[in-house]
Structures are given as structure tokens and as C-alpha cells.
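Take a look at the structure set out below.
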Amino acid sequence: MKNKLLNNLIVFMLLSSTGGLLFVFNRNLSFLLFSLFIICSFFLLSKGLKSKNFYSSLLAFCTVIALFIINFFIAEVQPQSLTKYSFFGVIFFTTTLSLLYFNNQENKNALIDSLYFILKLILFHSIISFILYPVVENNLDVIKAYMNNGEEKHTTKTFKYLLYYIDISEKPEAQVTLFGINLVRNSSIFWEPGILQFYLNLLFFLEISFFKRKNYIMILTVLAILSTYSTTGLLLLMVQIVYFLNRQFDKKFSGILIFIIAVPIYIMLSSNINTKIYGEGESSFQKRLLDFTQPLFIAIEHPINGIGVDLDKFSNFRTDFYPDSDLLQRFYKSISVTQNNQTTYRGSTNSFTYLLAGLGFPTMLLLIYAFLKQQIIRRHKMIFIILIFVSAMSEPLLHKPFFFMFIISGLINFFDKVIANKSSLL
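So for the sequence shown, the numbering used here puts the first residue at 143; every next one is plus one.
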């Protein structure tokens, strides 16, 4: 019982540190408490560290730290902020400790079991908060998060710090009226609906791949994903439905099921995409398009060293960076879209291209290789990879603890083999 409680709390902190409002509003304190809690958990379990796990984790941590230290000194935009790079170190430390904690347990499925449990709690919270919005919308308090320079970072609304909603005064497009009832895009305990959709899609994946395939969980998860009204979420849900139905049933029967289930989702998805590209949500699409293309061209111009991952330096650099217009226009023409914005000062929503521009191709390719070798999710790995990469390309998540845990897992797997081979030679 004690093990499960500790496991669940650590997984909750992992998920919260990757897009959760708890870490948005109390980042430094939350990471400090997270680190202390994991360290204390080792003592509470009263189990000695397995030497193989310890040394593999230490080598994985040192490898990532070394890569970022090298980048700190050789990044083509200087000087980089030591404070911001140190914070990356905190992220890697908590991530590695979390993975070491779970790898040290006898139950090799402890992480997956706790992840499944916490994701179900998030599902229930998201359903409840979405349903109760019309009841509590006139009794919400505004809470704000600020950056170190005093600039406003994020605003959300809350009901008694139990339910959280997008501030529609800042994002009026997030609210819709259906049959006279006001509804708002579902974000649950996260700062953006696009983050919630990832965790809900992950729950859908785990329910089918690892657990009992409970119909009510899958139905509720689908409804919760629909409530986020996230283009990425709807797309990933469709991909999963098509994939798993094709594997579960014969082609003729699966085709009928796919048609029945996927058509309503497709209609909603196509409407969403049309709104994002041509309608009220065009600015969101334009920002994501710019966050894909501009950092990619920055990486092409600075392929080896990158420009560094100091977000302030990255934002300043991209303000005056204009990619090769001919090449870019050919790219836009190939995907039949128009880019209205040429540059921006804001940070990137695309964590994949942001890290590629910041670290350069060699380091980024190494991190991608490590992710592909991760040992946490082994079933239906291709679908899982799609979930991670598509979500990381639409939200700033890849360099956060839960996502980076899979990269650390791949490095640990590599060093496990190195240590095993060395032992066999002695």
C-alpha cells in the first residue's frame, strides 16, 4: 500500500511538471519539493539501490548534462543564461531520479500501473470540470502566474482551486454555446487543452494495449478528448482507432467499425482544421506553422552547434531571423497553405524544432535515437512514438520531465548493455 501511494504521487508530480498548472504557478518550489520527495521515497521504501540501475542511471544523467554543458559553451548565440541551463539540469535530475526509483522496484510494471491510475483520475476530473462549467462559470476566480521580470505568464480561472478553466476574456474563441449552454474547451489541471489531449490519448492507448479494455473508460476518454476540441487530439484519436480496429478484427468488419466511429470524429476534425486555417482560430495555426518552419530553418543555418536553449536568447534571435524566402515559399506551396507571419518574439510551441534549433542536429539526433530505444512502453511502439512526436510538435513538452523520461530510459538501456558486456568480458 505504501509503495503504491509513493508511486502514484511521483507519477502525479511527473505529469504535473509536464504542463500542469501546479508547476506553472509554483515552478521553483514544486521542483524542489518534487526532488526532495523522490529522494525521501528511496529511504521510505527501505530498499538498497541495485548497482546496475544506479550506474546506468548515473551515466545517462552525466551524458545529458555533458551535452548541455557543451552546448552552453559552443552555442552560436552567446552568452547563454547559466540560470536557464541550470534549470534544465534540475529537470534532468528529477527525471533520472524518478526513473531510477521505478527501475529499482521488483514490480517492473510499477510505473505503467501508476501512470494508468493517475491518468484515470485526470480523466474523471476533466469530465467533471467540463460538465460543471455552466454551473460554476459565474463563480470563478482569476489567478495569474508571473515571470521573474514581473511580466504576466499565464492566466486561468478556478473554482475553489478544484476546477480550472481557460480565461475566456483572453481567449473568447475557447467558449462555445450549445443549445443555450455555455461550454469551454477542456484543459482540466493543465494550462492548455492540447496538453490534456495528449494524456487522454495516452490513457486510451494504455487501456487498449496494457489493461482490461473497459468500454466505459474508452468511451469516457473519447468524450473527454472531444471536449478539448484539440485538432491534434482528434487526429491522434482517429489514428489510434483505425490502427487498433484493424488489428482487432478482420478487415471487412473493422472497416465497418472504423466508418461508424471515425466519420463523426472526422467531421469534427475537418471542421476544426478549417476553423484553424481559415477561421477564428487562424492565429493559432499560423503560430504553430511559424514555430515549425522558422526554428527548422534556424537549425539548417546553424546545424552543428545550434543557437542554444536559453529561451530569451532564442526569442530575441528569431525576432530578426528571416528564412530563405524561395525555399520557404516552395514548402508552403507544397502543403497548400499561406504563412502570414514571418517572425515572432514569442517562444516556440514546437518543442521538437525548438530543441533542434537550440542544440543542433548531432545532439538532437542522439536524443531521438535514445527515445526510440526507450524501454518503458514496448507494446505498439510505433503508435506510441506517433503520440509523443505529434504532441511534442504542437506543445512545448519534449524537454519536460515526463517526455524527457523516455529519452533517459533509452540512454539507461544503452548503458545497461555496456555494463553487461563489460561484466561478461571480465
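All C-beta atoms, glycine included, are put in the ideal place defined by N, C-alpha and C.
Query: Check each candidate in Arg327, Phe332 and Thr363 and name the one with the smallest Cα separation from Leu344.; Result: Thr363
Query: Determine, using beta carbons only, whether Phe332 and Leu338 come nearer to each other than 8 Å.; Result: yes
Query: In angstroms with no decimal places, state the Cα-to-Cα distance between Met506 and Leu498.; Result: 6 Å
Query: I believe Gly375 touches Val451 by the beta-carbon criterion, under 8 Å. Please report the beta-carbon distance rounded to the nearest angstrom.; Result: Incorrect: roughly 27 Å between the Cβ atoms, too far for contact.
Query: Over what stretch of residues does the beta strand (DSSP E) that includes Thr319 continue unbroken?; Result: Gln317 to Leu320
Query: Taking the alpha carbon of Ser490 as the point to measure from, which residue in Pro538, Tyr511, His444 and Ile260 has its own alpha carbon closest?; Result: Pro538
Query: Relative to the C-alpha of Thr555, which candidate in Ala202, Ser177 and Ser193 has its C-alpha closest?; Result: As written in the sequence, residue 555 is Asn, which differs from the Thr given in the question. Nearest option by C-alpha distance: Ala202.
Query: So, is Gln516 buried or exposed, given that buried needs 16 or more other C-beta atoms within 10 angstroms?; Result: buried
Query: Could you tell me the boundaries of the beta strand (DSSP E) in which Ile269 lies?; Result: Ile269 -> not in any beta strand (DSSP E); alpha helix (DSSP H) instead, spanning Ala252 to Val278.
Query: Give me the Cβ distance between Gly161 and Glu334, rounded to the nearest whole Å; I'm assuming they're in contact under 8 Å.; Result: 7 Å
Query: Can you give the beta carbon distance from Arg460 to Gln436, rounded, assuming they're within the 8 Å contact cut?; Result: 6 Å
Query: So, with DSSP's three-state summary, where would you put Ala217?; Result: coil
Query: Based on DSSP bridge pairs, tell me the residues matched to Trp286.; Result: Contrary to the premise, residue 286 reads as Lys rather than Trp in this sequence. The partner list for Lys286 (beta bridge, DSSP) reads Thr297.
Query: With a Cβ-Cβ cutoff of 8 Å, do Phe386 and Ile350 count as a contact?; Result: yes
Query: Beta carbon of Ser330, beta carbon of Phe235: below 8 Å?; Result: no
Query: Do you know how far the Cα of Asn145 is from the Cα of Asn249?; Result: 10 Å
Query: Using the C-alpha atoms, what's the distance from Ser372 back to Glu312?; Result: 18 Å
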